[in-house]
Each structure stands twice: as structure tokens, then as C-alpha cells.
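Trainee: Each residue of the sequence shown is one higher than the last, beginning at 1 in my numbering.
Every residue gets a Cβ at the ideal spot worked out from N, C-alpha and C, and that includes glycine.
Here the structure is a predicted model, which means the values were calculated and not measured.
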Amino acid sequence: MFSMRFCNKKSVSLSWPGMLVSSVGHIVRPAPRKLQCKTAPLSRPVCYPAAMEKRIIQLETLSAMQDETLGKLNEEIFRQQQDIARLQRRIEAIEQKMANLADPEEIAGNEKPPHY
């Protein structure tokens, strides 16, 4: 359980879960509790501050590595999109040249006039 500190000895009403308010409007909070490590059924402590700090450092390191990998992947995708756009423009230019080569008006335009 926890102990309560009251701002005065007047009645206290519950305004929302976890928060008490006195009749004069002052907020009444529970007294602070110290964090205690409890033992699990296998006699293994539930919380180790040093172990938790080590785990947090590992998670932050992993997150930083994933951010770096994600940035590299984004750069590679961007580069590939540029390559694809460049190749599409080249294909369109080649298709246009092929269409011009097959155009009969173009062939007729290359012939010498009959007065030669």
C-alpha cells in the first residue's frame, strides 16, 4: 500500500482514477514510493538497474544501426529510381528513332528529286 499526504483534514473526493482532490480544490498525491526489486518464482531478480541500463544501450545501438541501414537503403532506392528514369528516357529516344526510320515520308524525303 501507499500512504497519503493531505493538504488539510477536510474531506477528499476522487476526481479521476489515480488523482485525489480535497474539498477546497487542492490536489492530493500519494507519498512517493521507492522502487524495489522483487524476486521472481525462480529466485531471479526482476529489475537490475545496471542490466536495464545495458539493455537500453543495446536497444539504442540497434536503433542507430537500423537508422543508418534505412538511410543507406533510401539512398540506394533513390539512385535506382534515377537510373530507371534515365533508361526510360533512352528507350523512348530509341523508339522514336525506330519510328522515324520506319516512316515512309522520311524515306521519300531522302530520295533524290527526279530532275537529277
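Taking just the CA atoms, how far does Lys72 sit from Ala99?
Mentor: In the sequence shown, residue 99 corresponds to position 99, counting from 1. In the sequence shown, residue 72 corresponds to position 72, counting from 1. Taking the straight line from one Cα to the other gives about 41 angstroms.
Trainee: How many angstroms separate the CA atom of Arg86 from the CA atom of Ser63?
Mentor: Counted from its first residue, the sequence shown places residue 86 at position 86. Counted from its first residue, the sequence shown places residue 63 at position 63. Their backbone Cα atoms lie some 35 angstroms apart in a straight line.
Trainee: Quick check: the Cα distance between Glu53 and Asp67, rounded to an integer number of angstroms?
Mentor: Position 53 of the sequence shown, counted from the start, is the residue given in the question as residue 53. Position 67 of the sequence shown, counted from the start, is the residue given in the question as residue 67. Roughly 21 angstroms between the two C-alpha positions.
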